[in-house]
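In full-length UniProt numbering, the protein residues as written are 1 to 238.
The structure is reproduced here in structure tokens:
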């Protein structure tokens, strides 16, 4: 389900995009039942796209003379053999587009658009304050509130930038490697570099799964306080 994580990240990015660009509509669009439905849909989408891979391999117990032991040997299923090209196309191309390409584009687009809007709103707020001061009027709100708003804008931009950067580092190499492996299949079986790249990508997936949580917890006070509240509630239930 690690690949489904990018869809969850993209859903969060879309919610932030709507919250910034359409603040009076976000509560009506992202209701609790709809958010739960999005999470369930992400799980079902991931399972649906990955389902052909479940039927591609099987195993058989065979005797290995070099090890002098019976070991499990990986074998292709009859389903995979009879639908070899179609299964490979789904696993290497459709899988990439549905689970990596589209959500990555959503994350990048929403992150850039939201960041532009946040920066524009912050600059507009500063200009309005300067205009009121120039006209001899007292700016609305205290200096502390203006400083807090500026810090909040900066944290939002940092969070979006880090999430987009993490997603790009992880999912772009994955897409390129899978697509290249599909069109140059000998690369999988004849190149030692392939195994090394797969290990590196698995490591990046692990770091990304941990990194997103650290980003949200360190940048968003609301996220961190909500997590602490849930964690404390779980301790109380025990």
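Glycine included, each C-beta is placed from N, C-alpha and C at the ideal position.
Since the structure is predicted, the reported quantities are computational estimates derived from the model, not experimental observations.
Boundaries of the beta strand (DSSP E) harbouring residue 57: 57-64, taken from the DSSP string. Looking at the DSSP output, residue 73 shares a beta bridge with 60.
Each of 29, 168, 122 and 66 was checked against the Cα of residue 111, and the nearest Cα belongs to 168. DSSP places residue 22 in the coil class of the three-state scheme, outside both helix and strand. Residue environment for residue 103: buried (at least 16 other C-beta atoms within 10 angstroms of its C-beta).
Residue 200 has its alpha-carbon roughly 19 Å from the corresponding atom of residue 164. Counting along the chain, residue 82 sits inside the alpha helix (DSSP H) bounded by residues 78-82. For residue 6, the number of other beta carbons within 10 angstroms of its own is at least 16, and it is reported as buried. As the crow flies, the alpha-carbon of residue 99 is around 42 Å from that of residue 65. Close CB contacts of residue 44 within its chain, under the 7 Å cut and outside five residues either way in sequence, are absent. For the pair of segments examined, the stretch 121-130 was found not to touch the stretch 31-46: the number of CB pairs separated by less than 8 Å stays below three. The straight-line gap separating the alpha-carbon atoms of residue 16 and residue 114 is approximately 7 Å.
Within 10 angstroms of the beta-carbon of residue 106 lie 16 or more other beta-carbons, which makes it buried. For the pair residue 175 and residue 214, the Cα-to-Cα distance works out to about 25 Å.
By the criterion of at least three beta-carbon pairs nearer than 8 Å, the stretch 45-62 is in contact with the stretch 74-81.
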